[in-house]
Every structure is written in C-alpha cells, then in structure tokens.
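To keep things clear, I will list the structure first and then write my remarks on it.
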Amino acid sequence: MKKKNILAALAAAVAVIIICFVLFRRESSGQEIVVALPTAEPVESEPAQSPAGESFADITPDTVQAAIAALSRPESYSRTVTVNYCYDGGESSTGLYSWVDGDRARIRVQLETDSENILITGSTLYIWYDSIPAQVYSGPVSNSLEADQWLRCLSYEDLLELPETDIFTASYELYNGESCIYVEYDSGELDYTNCVYISTVTGLLMAAETYDATGLIYSMSSGTVSLSTPDEGMFIPPSLA
9 MKKKNILAAL AAAVAVIIIC FVLFRRESSG QEIVVALPTA EPVESEPAQS
59 PAGESFADIT PDTVQAAIAA LSRPESYSRT VTVNYCYDGG ESSTGLYSWV
109 DGDRARIRVQ LETDSENILI TGSTLYIWYD SIPAQVYSGP VSNSLEADQW
159 LRCLSYEDLL ELPETDIFTA SYELYNGESC IYVEYDSGEL DYTNCVYIST
209 VTGLLMAAET YDATGLIYSM SSGTVSLSTP DEGMFIPPSL A
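Residues are numbered in our numbering as their position in the sequence shown, beginning at 1, plus a constant of 8.
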C-alpha cells in the first residue's frame, strides 16, 4: 500500500511538470515584433532603497508631485528607447536612439529601410534621412518639451499640474534594478490612464504605459542610460557639416 502511494505521488508530480511545460510552450509560441535595441526587463516588485538603505515605501499621491519636482535630468546623456503602439489586430514597435547635451538633442528613428534623424539645437529643429542627407528640413522649435515628443515619450512634467485627485497610485519601485518613482494617474485626455517609472538617479522617464477603456494602447521602455558626453558631431546637421 505504501509503495502504491509513493508511485501515485510520483505520477502526480510528473503530470504537473508536463502540464507546466505545455503551458510554457503555448505561451511562448505567440509572435511578437522584435527590435534590435535594448528593452526593459520586467519590473521587480519590491520597494526601492535609498543609498543609506532607508525604505521609500511611504511616498503617496499627496507627496509624489513634490518628489518629482525635486528631480533633475543630467546635462549630457545617451540611451535607446523602444516604443510600442497597440491597436485592434496587432501592434507596432519602433526603436529610437537619443543623444542629449544641454539644450541640444539628437534622435535617430530606425525605420524598415532607412533612418530618420531629428536634431534640436536651441530654437531650431532639423530633420533629415540617411538615404538623402543633402535634403534637410529646418524650422523653429515649438516648445521646451519638443525633444520628448519626437522621442515619442510622455512628458511626466504634466504630472506637476494635476490635482491630487487625478493621481491614483504613487510609490517607489525598482525598475531594472534602478530606483524609480512609480505613478499611476489620469492623463485628463479621453480618460486615458498613464503609468510611469521615473528614475530617482537621472530624473529620466524609464518606462511608461497608457491604457484606455479597452486596455493597453501605448508602452515605452528605456535602455541603460550612459552619462558620457556625446560626440560633438552628433549635433551638426549634414547641411552644416
């Protein structure tokens, strides 16, 4: 009798392993758009720690705006960003490179057979393509957040203008091992809900998601940020080189 019980237990364990394996293969067989750029890993669900080891888990919707206002972005940096748009029947994914030095920003958008270059230097905007570098569009910069818009990122500074009632959740979280402020809030546009992760180290948006009534419609994730000063040539359009 004892031997039969042992055999039954072993058979049950093997069955569980087989079921888990089948489910894993089923979930991993779905197709997805692959971009050859660094993408963010899943968020770790533990509160961030300060350099002194002190927990930041007590941040609330009442205090998060002051915490964000105290952040500052580095003067110079570079990184990669992946942006996804979800729609009925599928999704699209775009990889972008970004270089920033002071009030200058260069963004390179990877297209299927070409690359689009956006350069913002002070009050001037330049746009050109690798395939026809001699044709450069130039025009005025419309606002101080134009670089974020060309990078297809949410401008989390809008959070500072929101009433506290529009902020649903706020906490400190680890995103890819980096201490971030996590905020879930009403965007005020078409009843969208935004979820953002803002680095407490660099003040940069590391990840974001936007939801409407049907579900996820937009997501953004940042690769590792380099704080080295980009090469000067990155901020010279072909027409002036």
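Beta carbons: idealized from backbone N, C-alpha and C, even for Gly.
Residue i classed as buried or exposed, judged by whether at least 16 other C-beta atoms fall within 10 angstroms
i	result
Arg-81	exposed
Asp-239	exposed
Leu-159	buried
Ala-221	exposed
Leu-248	exposed
Ser-177	A small correction: the amino acid at residue 177 is Thr; Ser does not occupy that position in the sequence shown. Thr-177 is exposed by the Cβ-count criterion.
Leu-104	buried
C-beta atoms of residue i and residue j nearer than 9 Å
i	j	result
Ala-113	Pro-246	no
Val-89	Ser-230	yes
Thr-218	Leu-153	no
Ile-126	Val-117	yes
Asn-184	Thr-232	yes
Glu-172	Pro-69	yes
Asp-109	Thr-210	no
Contact belief for residue i with residue j at Cβ below 8 Å, rounded distance in angstroms
i	j	result
Leu-4	Ile-206	Lying before the first or after the last residue shown, residue 4 is absent from the chain, which here runs from 9 to 249.
Ile-115	Ser-123	Ile-115 to Ser-123, Cβ: 10 Å. No contact.
Tyr-164	Ile-225	Not confirmed; about 18 Å, so no contact.
Leu-213	Tyr-193	14 Å between Cβ atoms; not a contact.
Asn-92	Glu-83	About 29 Å separates the two Cβ atoms, so there is no contact after all.
Leu-182	Gln-73	Contact doesn't hold; Cβ gap of about 21 Å is too wide.
Is the stretch 180-196 in contact with the stretch 126-137, if contact means three or more CB pairs nearer than 8 Å? Touching, no.
Output the residue ranges of the beta strand (DSSP E) runs that lie fully inside the stretch 106-175 and measure 3 residues or longer, sorted by chain position. 112-118, 123-129, 132-137 and 140-148
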